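Each remark here refers to the structure printed beneath this line.
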Amino acid sequence: MQRYTYIKLTEKPELKDKAASWFHQKWGVPKEEYLKCMEAYLNSETEYGWYLCLDGEKIVGGLGVIENDFHDRKDLAPNICAVYTEEDYRCKGIAGKLLNMAVEDMRSKAISPVYLVTDHTGFYERYGWEFLCMVQGDGEDHPSRMYIHRGK
Numbered sequence: 000m001q002r003y004t005y006i007k008l009t010e011k012p013e014l015k016d017k018a019a020s021w022f023h024q025k026w027g028v029p030k031e032e033y034l035k036c037m038e039a040y041l042n043s044e045t046e047y048g049w050y051l052c053l054d055g056e057k058i059v060g061g062l063g064v065i066e067n068d069f070h071d072r073k074d075l076a077p078n079i080c081a082v083y084t085e086e087d088y089r090c091k092g093i094a095g096k097l098l099n100m101a102v103e104d105m106r107s108k109a110i111s112p113v114y115l116v117t118d119h120t121g122f123y124e125r126y127g128w129e130f131l132c133m134v135q136g137d138g139e140d141h142p143s144r145m146y147i148h149r150g151k
């Protein structure tokens, strides 16, 4: 059975640069933006964290928590962002475990509810997320689905 290591970036801050590059490759958001958010987290300037799944030294899944994930509902914060699992590692519960880690970490800091924007239907519901409303993404033609996790 494959064993993965799930960490908060604060547990291995030396992965910051590697993680920022990995997220940049997956989503196309400038690496510097990821670094800025990660540094704020590592310097205790924000409670919003970054979570990774490792297979040995390889990052195979990850996500972050930020104030707003590029949408028009600034009142719905914080947002889970950049949820990604490498294709070869999908359907193994990695994203679900990372989502639960982030929700629990935020709840332990009295931050609840948590939100996320997605075009997926059916996936997030498995992990306790509920559809809330449609939101307009910055520079996007069509609205996206906003989900809420109430941290129960």
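Per numbering that gives the first Met the number 0: the sequence shown ends with 151, consecutive numbering throughout.
In this text, a Cβ means the ideal position worked out from N, Cα and C, and glycines have one as well.
Just so you know, these numbers come straight off a predicted model, no measurement behind them.
The three-state secondary structure of Tyr3, taken from DSSP, is coil. Rounded to the nearest angstrom, the gap between the Cα atoms of Arg106 and Glu139 is 31 angstroms. Taken in chain order, the unbroken stretches of beta strand (DSSP E) that lie wholly in the segment 5-82 and span 3 residues or more are 49-54, 57-65.
For Ser111, the three-state secondary structure derived from DSSP is coil. Burial state of Met37 is buried, judged by a 10 Å Cβ sphere holding 16 or more other Cβ atoms. For Arg149, the secondary structure class from DSSP, reduced to helix, strand or coil, is coil. Put simply, the segment 38-52 touches the segment 97-105. At least three CB pairs are less than 8 angstroms apart.
No Cβ-Cβ contact shorter than 7 angstroms links Ser111 with Gly136.
Collapsing the DSSP output to three states places Gly95 in a helix. By DSSP's assignment, Phe122 forms no beta bridge with any residue.
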